[in-house]
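Everything on this sheet refers to the single structure shown next.
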Amino acid sequence: MDMEWAKDGLDGALYMVQARPETVVSRKTGQVIEQYQLEQQGSLMVTGRAVGARIASGGVRIIKEGSALDRFRPGEVLVAETTSPDWEPVMKQAAAIVTDRGGRTCHAAIIARELGIPAVVGTERATRILKDGQMVTVSCAEGDTGKVYDGALPFAVKRTDLRTLPRPVTQILLNLGNPALAFQTSQLPNDGVGLARMEFIISSAIKVHPLALLHPEKIADEGERRAIATIAAGYAKPADFFIERLSEGIGTIAAAFYPKPVVVRMSDFKSNEYASLLGGRAFEPVEANPMLGFRGASRYDHPAYREGFALECAAIRRVREGMGLVNVIPMIPFVRRLEEADRVLE
Numbered sequence: 057m058d059m060e061w062a063k064d065g066l067d068g069a070l071y072m073v074q075a076r077p078e079t080v081v082s083r084k085t086g087q088v089i090e091q092y093q094l095e096q097q098g099s100l101m102v103t104g105r106a107v108g109a110r111i112a113s114g115g116v117r118i119i120k121e122g123s124a125l126d127r128f129r130p131g132e133v134l135v136a137e138t139t140s141p142d143w144e145p146v147m148k149q150a151a152a153i154v155t156d157r158g159g160r161t162c163h164a165a166i167i168a169r170e171l172g173i174p175a176v177v178g179t180e181r182a183t184r185i186l187k188d189g190q191m192v193t194v195s196c197a198e199g200d201t202g203k204v205y206d207g208a209l210p211f212a213v214k215r216t217d218l219r220t221l222p223r224p225v226t227q228i229l230l231n232l233g234n235p236a237l238a239f240q241t242s243q244l245p246n247d248g249v250g251l252a253r254m255e256f257i258i259s260s261a262i263k264v265h266p267l268a269l270l271h272p273e274k275i276a277d278e279g280e281r282r283a284i285a286t287i288a289a290g291y292a293k294p295a296d297f298f299i300e301r302l303s304e305g306i307g308t309i310a311a312a313f314y315p316k317p318v319v320v321r322m323s324d325f326k327s328n329e330y331a332s333l334l335g336g337r338a339f340e341p342v343e344a345n346p347m348l349g350f351r352g353a354s355r356y357d358h359p360a361y362r363e364g365f366a367l368e369c370a371a372i373r374r375v376r377e378g379m380g381l382v383n384v385i386p387m388i389p390f391v392r393r394l395e396e397a398d399r400v401l402e
């Protein structure tokens, strides 16, 4: 089922506002995996949120209002500020869709998933940058970020029939860091996830050093403080933003593979990588050799990061106890001495 929910602004409760038969996953057999890949890079025009994992090329057709839909020709790339239900007959003829506004659950994204075509939404400026008739390549095969390139770039499609893959007698545990790939990857023959890296979620979905959320007053740069406040806006406490985003990413991976085990490695950034997060320079040392420095188990119980590790633990607890995804198994990395492991467990 394809279900839509809304949160009531008065009582704070969630209500189901629409339920209809799902039309995307039900058409897939799950036996053939398609992987799209660009064969050469081009000039990047705009970026946004990727919908799907495909690539398509075509001429740009900018539509600014519904009365201009008759200008659209089959096989073109539909570019608009946003879309609405009365545009759907034209959207069905598009090679791809690009919008200025919208997110993963906007109208354009929903229809693109139903049609199985790539869409890049929320570009903010596609209708200003792209030109009518311009040949472009729309790529949603490069992760969470959808990209629109100038020109018709060559790309390849690799199709793998899972029924023909030999299954070894040994366990197959996958490596995974990007929650957006979790459900697709879970279709491969596997016995769970042997390493789910927390770092990707922190760097892509959170982008802020955990201690910067707890102690923004220690950040000297006013611009960084404003940026952090903007990112965490809407949360009672900035730390809640960290816990929610991290638990959502981990939970997505765990749900995709449930009930198979998912081993989640607690953060294993090196100090220079932590410092590259927003607000991180205020909390990280400058080390000659970060690879062997302040990282892993020795960091978790140290006064300089203990509060940050507590947020990571709170996210794991929310996944296991709040979401019921008890298949998550925490892993402590870079343990140099047994005493370090004992202190972390305590």
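Here this note's numbering is used: position 176 in the sequence shown is 232, and no number is missing along the way. Even glycine gets a Cβ: it sits at the ideal position worked out from N, Cα and C.
Worksheet item: Nearest CA to the CA of alanine 109: which residue from Gln97, Gln93 and Ala208?
Response: For alanine 109, the closest C-alpha among the options Gln97, Gln93 and Ala208 is that of Gln93.
Worksheet item: If you check the beta carbons only, do alanine 16 and alanine 175 fall under 8 angstroms apart?
Response: For the chain, the structure presents residues 57 to 402; residue 16 sits outside this window and is missing.
Discussion item. Could you tell me the alpha carbon to alpha carbon distance between leucine 125 and alanine 152, rounded to whole angstroms?
Written reply: A straight-line Cα-Cα distance of about 15 angstroms links leucine 125 and alanine 152.
Worksheet item: So, is glutamate 377 buried or exposed, given that buried needs 16 or more other C-beta atoms within 10 angstroms?
Response: Burial call: exposed.
Discussion item. Contact between the stretch 230-237 and the stretch 265-274 is defined here as three or more beta-carbon pairs at a separation below 8 angstroms; is this criterion met?
Written reply: Output reads no: the stretch 265-274 does not touch the stretch 230-237.
Worksheet item: When we look at the beta-carbon of methionine 147 and count the other beta-carbons within 10 Å, is it buried (16 or more) or exposed?
Response: Methionine 147 should be labelled buried.
Fill in: CA-to-CA distance, serine 259 to glycine 250, given in whole angstroms
Cα atoms of glycine 250 and serine 259: separation of roughly 21 angstroms, rounded to the nearest angstrom.
Worksheet item: When you compare only the Cα positions, how much space is there between threonine 216 and glutamine 243?
Response: Cα to Cα, the separation comes out at about 12 angstroms.
Fill in: Close Cβ partners of leucine 237 (< 6 angstroms) along its chain, the five nearest in sequence each way excluded
Closer than 6 angstroms at the Cβ level, and outside the excluded window around leucine 237, lies no residue.
Discussion item. Rounding to the nearest angstrom, what Cα-Cα distance links glycine 189 and tyrosine 291 in this structure?
Written reply: Our two residues, glycine 189 and tyrosine 291, have alpha carbons roughly 44 angstroms apart in a direct line.
Practice prompt. For arginine 191, I'd like the list of residues in its chain whose CB is within less than 6 angstroms of its CB, leaving aside the five on either flank, ordered along the chain.
Written response: The sequence given here has methionine at residue 191, not arginine. So the qualifying residues of the chain are Gly115, Gly207 and Ala208.
Discussion item. Can you list, in chain order, the residues of its chain with a C-beta nearer than 7 angstroms to that of glutamate 235? Leave out the 5 residues immediately preceding and following it.
Written reply: The residue asked about is misnamed: residue 235 is proline in this sequence, not glutamate. Around proline 235, the same chain offers Ile257, Gly305, Thr308 and Ile309 as residues with beta carbons nearer than 7 angstroms, after the five sequence neighbours per side are excluded.
Worksheet item: With a CB to CB cut of under 7 angstroms and the five nearest residues on each side skipped, what residues in its chain are close to phenylalanine 211?
Response: Cβ within range, chain order: Tyr92, Gln93, Leu94, Glu95 and Ile111.
Worksheet entry | Residues near arginine 362 in its chain [Cβ-Cβ closer than 8 angstroms; skip 5 each side] | Exclusion of the five residues before and after arginine 362 leaves Tyr356 as the residues of its chain whose Cβ lies within less than 8 angstroms of its Cβ.
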